[in-house]
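Participant: Here it is: the structure, laid out below.
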Ligand SMILES: Cc1cc2nc3c(=O)[nH]c(=O)nc-3n(C[C@H](O)[C@H](O)[C@H](O)COP(=O)(O)O)c2cc1C
């Protein structure tokens, strides 16, 4: 029976364990370029024992970023930073993964801690936002939306493919398409944002066309031996939006277009959500497990899985295949080692690079002075 620390193989890629650092937009890039900050962030998590490490969502076009401080993969000049990141992640024993995305009608924004308001196209840091229909998101995202023409949609498929080629050149071995959280893919899927009357709107099949065509364009250039995965917004938490049954239909269709694993999420396609489960423990697991069963596809989920026993249990019970950690990865770069100690792993430091674990295992420090709370102590 696999547990959190069992290796996981998908296509030609084997992860050393079932723990992924989930993509997190950090607002630290300049001109879409990653820099030393990203090396620090990603390298430390890879060294901390994560099996799969994602940088933030990488924009496929400049206007696909959330803000001017978001990283991109739309220019060859960005390859250097991306390649440094993959080399760093790999040298620490993890697999480098990339999430490609386009923020659609939620782009052109200020950083969240600067208020997150949208900047109009005449602001030096703003641009015209786009979507399936001329329907603004609402809330802080009030800019008029340019409804994409068919020719512009075809160009976006090419942009996704170019980004996938660059991702391969940069050394990524796992590619996820971001179709969640109210960004462009989520907008095409959701009737809340997609009011088109052509072949990209209306029925579920039509609202999925953008995704399936994107998958085809990417699968053509992305090596077959590397996993192609999606992050899907599986429920808008709104009576007129995506319902979970739609997500089952969507992932089944995407599986037929080369998707190897579904990373499920939900919400953020409208501020008007009927519930906000976002601080509930493991609330995505049941949905993930149902999808895994009904579509027969590997599944990963995030959302409040940073409790070691819980994360281990959902793998042991076969509910999901991979545990994605966002905030726990921010708060504890060594989360996997900590979890291994908590769960009674025989050699937690074996999760670290050998040149660290050697010192920790062979030159044993006093347990209380090691920098970790003693297992089972009130502080742990
Ligand atoms: C700072 C921050 C930035 C995020 N950026 C992204 C992103 O770029 N792409 C994405 O799919 N999810 C993003 N997320 C969501 C996380 O990947 C994750 O799904 C979410 O935080 C729930 O997992 P957690 O409970 O382990 O934090 C972000 C979350 C945080 C906290």
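Numbering (UniProt numbering), first residue to last: 1 to 380. By construction, the Cβ of each residue, glycine as well, lies at the ideal position given by its N, Cα and C atoms.
(1) Nearest by alpha-carbon distance to residue 24: which of 17, 49, 65 and 9 is it?
(2) Between residue 37 and residue 28, how many whole angstroms is the CB-CB distance? I'm expecting something under 8 Å.
(3) Whole angstroms are fine: how far does the CA of residue 319 sit from the CA of residue 100?
(4) From residue 274 to residue 84, what distance separates their C-alpha atoms?
(5) Closest by CA to residue 162, which one among 215, 114, 185 and 92?
(6) Can residue 185 and residue 271 be called in contact, C-beta distance under 8 Å?
(7) In the DSSP assignment, find the unbroken alpha helix (DSSP H) run with residue 135 in it and report its ends.
(8) Helix, strand or coil for residue 146, going by three-state DSSP, please let me know.
(9) Using a threshold of 8 Å, state whether the C-beta atoms of residue 262 and residue 237 are closer than that.
(10) According to DSSP, is residue 168 part of a helix, a strand, or is it coil?
(11) Judging by CA-CA distance, which residue of 35, 150 and 95 is the nearest neighbour of residue 51?
(12) By the 10 Å Cβ neighbour count, where 16 or more other Cβ atoms means buried, how is residue 40 classified, buried or exposed?
(13) Give the secondary structure of residue 78 by DSSP, where H, G and I count as helix, E and B as strand, and everything else as coil.
(14) What do you get for residue 333, buried or exposed, if any count of 16 or more other CB atoms within 10 angstroms of its CB means buried?
(15) With residue 336 as the anchor, note down where its alpha helix (DSSP H) starts and where it stops.
(16) Whole angstroms are fine: how far does the CA of residue 3 sit from the CA of residue 380?
(17) Whose C-beta lies closer than 8 Å to the C-beta of residue 60 among residues of the same chain, with five residues either side of it excluded?
(18) With three or more beta-carbon pairs closer than 8 Å as the criterion, would you say the stretch 218-233 touches the stretch 172-188?
(19) Report the start-end ranges of each alpha helix (DSSP H) in the stretch 76-131 that is 4 residues or longer and not cut off at the edges.
(20) DSSP puts residue 19 in a beta bridge; with which residues?
(21) Measure the C-alpha to C-alpha separation of residue 255 and residue 211 and round it to an integer number of angstroms.
(22) Is residue 28 near ligand 1 - that is, is its Cβ less than 7 Å away from at least one heavy atom of it?
(23) Just grab the DSSP bridge partners of residue 10 for me.
Facilitator: According to the data block:
(1) 65
(2) 5 Å
(3) Here the C-alpha atom of residue 100 lies approximately 26 Å from the C-alpha atom of residue 319.
(4) So the two alpha carbons sit approximately 43 Å from each other.
(5) 215
(6) In this structure, residue 271 does not lie closer than 8 Å to residue 185 by Cβ.
(7) Counting along the chain, residue 135 falls outside any alpha helix (DSSP H), and DSSP gives it neither H nor E.
(8) strand
(9) no
(10) helix
(11) The option with the nearest alpha carbon to residue 51 is 95.
(12) By the C-beta density criterion, residue 40 is exposed, having fewer than 16 other C-beta atoms within 10 angstroms.
(13) helix
(14) Buried, by the Cβ-count rule.
(15) The continuous alpha helix (DSSP H) containing residue 336 extends over residues 335-342.
(16) Because residue 380 sits at a pLDDT of 45, beneath the cut-off of 50, its placement in the model cannot be relied upon, and the point is left open.
(17) Exclusion of the five residues before and after residue 60 leaves 72, 73, 74, 100, 101, 102, 156, 159, 160, 162 and 163 as the residues of its chain whose Cβ lies within less than 8 Å of its Cβ.
(18) The way I'd put it, the stretch 218-233 does touch the stretch 172-188; three or more beta-carbon pairs between them come closer than 8 Å.
(19) 79-91
(20) 323
(21) Cα to Cα, residue 255 sits roughly 11 Å from residue 211.
(22) no
(23) 13
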